[in-house]
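Take a look at the structure below.
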Amino acid sequence: MKRVSLIAAAAVAACVTAQTAGAQTLKTVKDRGMLSCGVSQGLPGFSAPDDKGNWTGLDVDVCRGIAAAIFDDPSKVKFVPLSAKDRFTALQSGEIDVLSRNTTWTLSRDTSLGVNFAGVSYYDGQGFLVKKALKVNSALELNSASICVQTGTTNEQNVADYFKGNNMKYEVIAFANADEAIKAYESGRCDVFTSDVSQLYAQRLKLTTPADHVVLPEVISKEPLGPLVRHGDDQWFDVVKWTLFAMINAEELGVTQSNVAEMAKSDKPELKRVFGTDGNLGEQLGLTKDWVARIVKATGNYGESFERNVGAGSKLEIARGLNKLWNKGGIMYAPPIR
Ligand SMILES: N[C@@H](CCC(=O)N[C@@H](CS)C(=O)NCC(=O)O)C(=O)O
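Using mature numbering (1 follows the signal peptide of the UniProt record, and there is no 0), the letters of the sequence shown correspond one by one to residues -23 to -1, 1 to 315.
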């Protein structure tokens, strides 16, 4: 009996050691004074720099939110632009602390790459962009088309499934870089550009006459996009996960960038927990009691970030659709802060 319990105790001790040994990222980020965040090489609405090198976008806001939660300063982020192909290696090697780059959560990525997806920041699906002059109204009319796509994406795989499933022929022309792919499409090297629908709208803005191009109605896949972290550091995984959840919950609770200071003084039990005037939920994450207020002050709530970056307040004008909150007709849902 004694021997068994000794072995059990050793196992517990080993677990504790493993956990503490893994839980370094938050400390590393704090010591460095800066979060290292992997983003795209320039995708309007999601992650793109302006001419002064100032990054904005929905994916950028997730990283600004994490920096705000840690440093109370959303500017403490170094953005690392990564191609679709290089993004996972940058996370695995430790070059970045988090990847927030229109990345689809799939089983193979979750299991074989040594990463954990922290949640969904945008529910997307794959679509097709064609020139209006082609006079095509449906993806089912694309038999024998040539298709521009970016290497290392889920889009490359989905397009094969779709054309095979519909007994259509096609030719894929794959590019390592999104700008090359969209330029090749514009110059007529391919009839179709395929990508996540949100990205079709974003990339269309880069074309000489965006109105000459149309997104076809078919959505051929599920592309749940979200931030991800390396395996082996559950505390950091929680920090990233709950930053996103804080933004979504803030929208549900009616907490906005402009009213957050006022709401933080509320007597409502739920808001007291959220703002840390009751309990210490933020500290349980390794952050401070006012972590939610810091995040919302920096980025606004999820809905505000959505509208500003990709929605009505942006050039993309993407409808909220599936990304509406679960209690407003969408599927955007975060576990409760309690
Ligand atoms: N969500 C898909 C596609 C992601 C992706 O990288 N798409 C390209 C196609 S436009 C892109 O965003 N490129 C922007 C860039 O490389 O900066 C995935 O995770 O594989």
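Just so it is clear, CB atoms sit at the ideal spot from N, CA and C, and this is done for glycine as well.
Give a single yes or no on whether Gln69 has its beta carbon closer than 6 Å to a heavy atom of ligand 1.
For this step, residue 69 is matched to residue 92 along the sequence shown. False, no ligand heavy atom lies under 6 Å from that Cβ.
Need the endpoints of the alpha helix (DSSP H) that Asp168 sits in, please.
By 1-based counting over the sequence shown, the position of residue 168 is 191. Looking at the DSSP string, Asp168 is not in any alpha helix (DSSP H), and its letter there is neither H nor E.
Among Thr254, Pro246, Thr265 and Thr276, nearest to Ser235 - alpha-carbon criterion:
Translated into positions along the sequence shown, residue 235 becomes position 258. It is Thr276.
Mapping DSSP to helix, strand and coil, what is Met11?
For the purposes of this step, residue 11 is taken as residue 34 along the sequence shown, with counting starting at 1. Of the three classes helix, strand and coil, the one that applies to Met11 here is coil, per DSSP.
Let me check you understand the geometry: is the CB of Ser172 closer than 6 Å to at least one non-hydrogen atom of ligand 1?
Within the sequence shown, residue 172 is the residue found at index 195, counting from 1. Flag set: Cβ of Ser172 near ligand 1.
So does Thr66 have its beta carbon nearer than 6 Å to some heavy atom of ligand 1?
The count along the sequence shown starts at 1 and reaches residue 66 at position 89. Not under cutoff, so the answer is no.
Quick one: what's got a C-beta closer than 6 Å to Cys125's C-beta in the same chain, skipping five residues either side?
Within the sequence shown, residue 125 is the residue found at index 148, counting from 1. Correct list, in chain order: Ile150, Ala158, Ala161, Tyr162, Cys167 and Phe170.
Which same chain residues, not among the five before or five after Val39, have their C-beta less than 7 Å away from its C-beta?
The residue labelled residue 39 in the question sits at position 62 within the sequence shown. Contacts found: Ser77, Ser98, Pro204, Thr220 and Leu221.
Every unbroken beta strand (DSSP E) within the stretch 170 to 239, with a cutoff of 3 residues, ordered by chain:
Every beta strand (DSSP E) stretch that sits fully inside the stretch 170 to 239 and reaches 3 residues is listed by chain position as 190 to 192, 200 to 202 and 205 to 207.
Considering Cα atoms alone, identify which of Lys62, Lys109, Met224 and Leu119 is closest to Ile314.
Your numbering for residue 314 matches position 337 in the sequence shown. Comparing Cα positions, the closest option is Met224.
Considering only C-alpha positions, which residue in the set Pro312, Gln212, Arg285 and Gly280 is nearest to Lys305?
On the sequence shown, residue 305 is found 328 positions in, with the first residue counted as 1. When only C-alpha atoms are compared, the closest one is Gly280.
Whose C-beta lies closer than 8 Å to the C-beta of Glu133 among residues of the same chain, with five residues either side of it excluded?
Taking the first residue of the sequence shown as position 1, residue 133 is located at position 156. Counting only Cβ-Cβ distances below 8 Å, and skipping sequence neighbours, we find Val126, Gln127, Val149 and Ala151.
Limits of the unbroken beta strand (DSSP E) element including Val251:
Position 274 of the sequence shown, counting from 1, holds the residue named residue 251. Note, Val251: premise wrong, no beta strand (DSSP E); alpha helix (DSSP H) at Pro246 to Phe252.
Spatial neighbours of Gly307 in its chain, beta-carbon cut-off 6 Å, leaving aside the 5 residues before and after:
Counting from 1 along the sequence shown, the entry for residue 307 is found at position 330. Within the same chain, Gly307 has close Cβ partners Leu299, Asn300 and Lys301.
Would you say Ala46 and Trp213 are within 7 Å of each other, going by their C-beta atoms?
As a first step, residue 46 is located in the sequence shown; it is residue number 69 there, counting from the start. As a first step, residue 213 is located in the sequence shown; it is residue number 236 there, counting from the start. Going by C-beta atoms, Ala46 is not nearer than 7 Å to Trp213.
Compare the C-alpha of Val196 against each of His208, Lys245 and Ser115 and name the closest.
Within the sequence shown, residue 196 is the residue found at index 219, counting from 1. When only C-alpha atoms are compared, the closest one is Ser115.
Considering only residues of the same chain and omitting the five flanking positions on each side of residue 390, which have a CB-CB separation below 8 Å?
Examination of residue 390 is not possible in this model, given that the chain is present from -23 through 315 alone.
Given a cut-off of 7 Å on the beta-carbon distance, is the pair Asp74 and Val6 in contact?
Translated into positions along the sequence shown, residue 74 becomes position 97. Translated into positions along the sequence shown, residue 6 becomes position 29. A contact, by the Cβ cut-off of 7 Å.
Could you pull the DSSP bridge partners for Phe94 from this structure?
Your numbering for residue 94 matches position 117 in the sequence shown. The partner list for Phe94 (beta bridge, DSSP) reads Leu205.
Taking all protein chains shown into account, decide if Leu59 is buried (16 or more other Cβ within 10 angstroms of its Cβ) or exposed.
Stepping through the sequence shown from its first residue, residue 59 is reached at position 82. Under this definition Leu59 is a buried residue.
Coil, strand or helix - Asp87 by DSSP
In the sequence shown, residue 87 corresponds to position 110, counting from 1. In the structure shown, Asp87 sits in a helix (DSSP, three-state: H, G or I).
Distance, Met240 Cα to Asp156 Cα:
Start at 1 with the first residue of the sequence shown, and residue 156 comes out as number 179. Start at 1 with the first residue of the sequence shown, and residue 240 comes out as number 263. Their Cα atoms are separated by approximately 43 Å.
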